[in-house]
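Read the structure below first, then the notes.
Residue numbers (UniProt numbering): 1 to 299.
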């Protein structure tokens, strides 16, 4: 992709320092955040992609300070309103592209301040990769969970200062972001509830990802609703069973957590712009997500 090539060339000219590389990546992301679809997500299904209008909403990119680092995020909220419940919207491996921005607008239309932070920006431009394997190897696998937790903490702080009520905090995420929903619900005592869409529950542990959701299941501060597909070849149902067992022996929030497994749904069944989209499970899951947040004080 042109942006990817430009980024590499610029980094080489700049000598490859982390700060300079980050600035270059930021230039590439500035025009793309929340607009268009990630290259590696192809093929695209324009006929099923949902387009949520932005009239009556305040939408667009904001910059969030994370210990001096400026992290871009897509924000959507009812225009002119404050004291709004907050929902963090965590992306798949493709970053904050049109699908994630549209999902944020859907939450805004439901009365939330929805914020989708670009959590890969330090490692690279997730939208600019055309090959999924390279995207995972060069960007996604290089993102530390501790970095994500800190970025989300900063996002909550930004929300509280910009029209959000952080005492009504929810979090939702898809695929990679679904895994982070479980981790953040165990990390931040302020989380009232989470909704994890087909996030991996077990996996390899290393210095960047020292724990998986099953390892922190008993420590949840807010109950999580897991929305999964029985036809998801990447998340075996036995791992869902392991998670259920771990939750059953944990905190009150862990015990209050729940799973819905859709019989014929594959991975990414909510992704309306991809062939994996399944309309009925996606719509049912969305209704359940809104009801879950309302039930647990995120409304």
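We put the CB at the ideal spot given by N, CA and C, even for glycine. All of these numbers come straight from a predicted model, not from anything done at the bench.
Extent of the continuous alpha helix (DSSP H) run through residue i
| i | result |
| --- | --- |
| residue 169 | Counting along the chain, residue 169 falls outside any alpha helix (DSSP H), though it belongs to the beta strand (DSSP E) covering 164 to 174. |
| residue 154 | 145 to 161 |
Residue i versus residue j: straight-line alpha-carbon distance, rounded
| i | j | result |
| --- | --- | --- |
| residue 259 | residue 87 | 20 Å |
| residue 33 | residue 120 | 12 Å |
| residue 271 | residue 36 | 14 Å |
| residue 242 | residue 206 | 20 Å |
| residue 123 | residue 204 | 20 Å |
| residue 77 | residue 194 | 19 Å |
| residue 12 | residue 136 | With a pLDDT of only 27 at residue 12, under 50, the local geometry of the prediction cannot be trusted, and the value read off the model is given with reservation. C-alpha separation (whole angstroms): 22 Å. |
| residue 140 | residue 295 | 33 Å |
| residue 200 | residue 257 | 16 Å |
| residue 67 | residue 47 | 42 Å |
| residue 100 | residue 62 | 15 Å |
| residue 297 | residue 165 | 11 Å |
| residue 308 | residue 183 | There is no way to answer for residue 308, as the model of the chain reaches only from 1 to 299. |
| residue 53 | residue 254 | 36 Å |
| residue 169 | residue 299 | 9 Å |
| residue 249 | residue 286 | 28 Å |
| residue 142 | residue 151 | 15 Å |
| residue 279 | residue 220 | 30 Å |
| residue 312 | residue 229 | The question about residue 312 has no answer here: the residues shown for the chain are numbered 1 through 299. |
| residue 281 | residue 175 | 15 Å |
| residue 108 | residue 292 | 16 Å |
| residue 64 | residue 112 | 18 Å |
| residue 236 | residue 261 | 11 Å |
| residue 44 | residue 131 | 15 Å |
| residue 110 | residue 69 | 31 Å |
| residue 155 | residue 75 | 11 Å |
| residue 192 | residue 167 | 8 Å |
| residue 59 | residue 160 | 17 Å |
| residue 82 | residue 153 | 20 Å |
| residue 98 | residue 144 | 25 Å |
Whole-number beta carbon distance between residue j and residue i, since they are thought to touch under 8 Å
| i | j | result |
| --- | --- | --- |
| residue 71 | residue 138 | 19 Å between Cβ atoms; not a contact. |
| residue 198 | residue 225 | No, residue 198 and residue 225 are not in contact; Cβ-Cβ is about 12 Å, not under 8 Å. |
| residue 114 | residue 148 | Their Cβ separation, rounded to whole angstroms, is 18 Å, which puts residue 114 and residue 148 out of contact at 8 Å. |
| residue 266 | residue 251 | The Cβ separation is near 32 Å, so there is no contact. |
| residue 264 | residue 289 | Actually they do not touch by this definition, with Cβ atoms about 20 Å apart. |
| residue 94 | residue 126 | 6 Å |
| residue 218 | residue 246 | 6 Å |
| residue 92 | residue 177 | 6 Å |
| residue 186 | residue 216 | 4 Å |
Given residue i as reference, the closest of the options once Cα atoms are compared
| i | options | result |
| --- | --- | --- |
| residue 50 | 289, 297, 274 | 274 |
| residue 158 | 244, 116, 240 | 116 |
| residue 211 | 188, 146, 252, 95 | 146 |
| residue 171 | 55, 57, 103 | 103 |
| residue 173 | 38, 163, 96 | 96 |
| residue 57 | 84, 66, 64, 48 | 84 |
| residue 307 | 79, 129, 66 | Any property of residue 307 remains undetermined from this structure, which presents the chain solely from 1 to 299. |
| residue 180 | 165, 166, 214 | 214 |
| residue 80 | 38, 248, 162 | 162 |
| residue 234 | 253, 269, 217 | 269 |
| residue 222 | 202, 188, 237 | 188 |
| residue 106 | 244, 69, 55 | 55 |
| residue 133 | 60, 39, 98 | 39 |
| residue 304 | 192, 244, 167 | No statement about residue 304 is possible, as the shown extent of the chain runs from 1 to 299 and does not include it. |
Extent of the continuous beta strand (DSSP E) to which residue i belongs
| i | result |
| --- | --- |
| residue 115 | 113 to 117 |
Next item on the list: Entirely within the stretch 30 to 106 and at least 3 residues each: give me those beta strand (DSSP E) ranges in chain order.
Entry: 57 to 66, 69 to 78, 84 to 90
Next item on the list: Could you name each continuous alpha helix (DSSP H) segment of 4 residues or more that falls completely within the stretch 198 to 286, going from the start of the chain to the end?
Entry: 213 to 216, 237 to 248, 252 to 256
Notebook entry, point to check: What are the start and end residues of each continuous alpha helix (DSSP H) run of 4 or more residues lying completely inside the stretch 118 to 145, in chain order?
Noted result: For the stretch 118 to 145, whole alpha helix (DSSP H) runs of length 4 or above, ordered along the chain, are 132 to 138.
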